[in-house]
Structure formats: C-alpha cells, structure tokens
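Numbering (the UniProt record's numbering), first residue to last: 1 to 124.
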C-alpha cells in the first residue's frame with residue numbers, strides 16, 4: 001500500500017509499494033515506523049504496537065483455523081487531530097483458506113517481528 005504523511009517541516013513524504021518492497025533490514029523498517037509516527041512517537045507508537053498485538057493475538061487464538069497467504073495491515077490516523085487516534089485493519093487478502101490444520105506460522109512470525117519493531121520505534 002502507499003503511505004503518505006506530512007513531516008515536521010510541513011512537507012509530505014510518500015512510501016510507495018515499491019519502496020515498501022525494498023525494505024530489507026529491521027533498522028529500515030524501524031526508521032519508517034518512526035517517520036510515520038513523528039508527531040507523537042510514544043503515543044502513536046504505543047497505539048501501533050497495541051493494534052499489532054491484537055491482530056497477533058487473533059491469529060494465535062485461532063489455532064491455525066485459517067491459512068492466509070498474503071495480506072497487509074492498514075494503519076491510519078488524522079494528523080490534524082490534537083490527540084490522534086490510530087486505527088488498524090487487516091486488509092488485502094490475496095488468498096484465504098479455512099484449513100484447520102496448516103495455520104499461519106509465517107504470518108505469526110511476521111507479526112511478532114512487527115511487535116518488536118514497534119517497541120524499538122517508540123524509543124529514541
């Protein structure tokens with residue numbers, strides 16, 4: 001997905017699908033999370049962390065009932081609000097099967113990594 005935000009200097013930066021695909025290291029991902037939450041790193045970072053944990057909990061509690069091959073997490077907030085509230089949804093399902101057996105080990109691993117990245121991004 002594309003991401004756009006207004007930075008501290010008032011300029012806008014965009015993150016294209018191609019830019020996202022080029023992210024290779026945890027430090028690159030953490031830098032992007034910090035840019036996304038620049039206006040309130042602690043508050044918005046905590047909200048991003050909480051949303052990611054809820055999605056992770058859902059996958060872990062489903063007991064492998066679903067096999068999701070590809071999806072995205074959409075996180076959004078209104079930067080014009082005095083105290084922005086982040087919202088998040090799981091979107092862009094390319095392929096889902098009710099398997100009851102295979103589960104989502106790769107998705108769970110990715111979400112656990114994202115939890116770690118959010119924890120790092122909240123710190124200076």
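In this text, a Cβ means the ideal position worked out from N, Cα and C, and glycines have one as well.
Computed from a prediction, not measured in an experiment: that's the story for all the values here.
Boundaries of the alpha helix (DSSP H) around residue 50: 41-61. Boundaries of the alpha helix (DSSP H) harbouring residue 28: 26-36, taken from the DSSP string. In this structure, the straight-line span from the alpha carbon of residue 122 to that of residue 93 is close to 28 angstroms.
With contacts defined by Cβ atoms closer than 7 angstroms, residue 114 and residue 37 do not form a contacting pair. A direct Cα-Cα distance of roughly 34 angstroms separates residue 108 from residue 82.
With respect to residue 32, residue 117 sits apart: the two C-beta atoms are not nearer than 7 angstroms. Per DSSP, reduced to three states, the secondary structure at residue 112 is helical.
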